[in-house]
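Heads up: the structure comes next, in structure tokens.
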Amino acid sequence: MSKPRIWISNATPKKDELVRVRALVEHRMESGFRQHADGSVIARQIIHTFTAHLNDELLFSWSPETAVSQNPYIEFTFIAFASGELRLTWEDDEGEIIQGNAELTLSA
Numbered sequence: 001m002s003k004p005r006i007w008i009s010n011a012t013p014k015k016d017e018l019v020r021v022r023a024l025v026e027h028r029m030e031s032g033f034r035q036h037a038d039g040s041v042i043a044r045q046i047i048h049t050f051t052a053h054l055n056d057e058l059l060f061s062w063s064p065e066t067a068v069s070q071n072p073y074i075e076f077t078f079i080a081f082a083s084g085e086l087r088l089t090w091e092d093d094e095g096e097i098i099q100g101n102a103e104l105t106l107s108a
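Every letter in the sequence shown is one number past the one before it in the UniProt record's numbering, and letter 51, counting from 1, is 51.
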């Protein structure tokens, strides 16, 4: 996996304002259903867990399955309630974990 790309609609929202987050990570998302030329099965390797936290509070959790394409893109919204670190985490079948971070600062 690579460093994720994260876009935030507004990094300085007012309290209770809607914030849209878009994220993309490069990953092959191998389903485990394809075969090599010799007929052996290509091992499954998918992202099985995605979480988004603002500081220590869970905002969003998702469990992708084998039907998700390569380089999964995710978009979600939340209501701004505090300033802090937005932390996005992906974990795959091989135990590889990748994190992306962005700062969110409430404005007056």
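Glycine included, C-beta positions come from ideal geometry on N, C-alpha and C.
Bear in mind that the values here come from a model prediction, so they are computed numbers and not experimental data.
Span of the beta strand (DSSP E) around ASP92
84 to 92
Going by Cα to Cα distance, which pick from ILE98, GLU96, LYS14 is closest to PHE78? LYS14
*Residue range of the unbroken beta strand (DSSP E) whose run includes VAL19*: 18 to 24
The ligand GTP heavy atom lying under 6 Å from the CB of LEU86:
Of the ligands one can find in the structure shown there are none, so the ligand GTP has no counterpart to examine.
Based on the DSSP output, what are the partners of ALA52 in its beta bridges? PHE60, LEU88
Practice item. Tell me whether the beta-carbon of LEU86 lies closer than 7 Å to the beta-carbon of ALA102. Key: yes
- Message: Is the separation between the beta-carbon of ALA67 and that of PHE60 shorter than 7 Å?
- Response: no
* Asked: Pairing CB atoms from the stretch 5 to 22 with CB atoms from the stretch 30 to 50, are three or more of them under 8 Å?
  -> no
Worksheet item: Rounded to the nearest angstrom, how far is the Cβ of ILE46 from that of GLU91, given a contact under 8 Å?
Response: That pair is no contact at about 10 Å.
Could you pull the DSSP bridge partners for ILE47 from this structure?
ASP92
Item checked: Closest residue to LEU88 among ASP16, GLU65, THR49 (Cα-Cα distance) -> THR49
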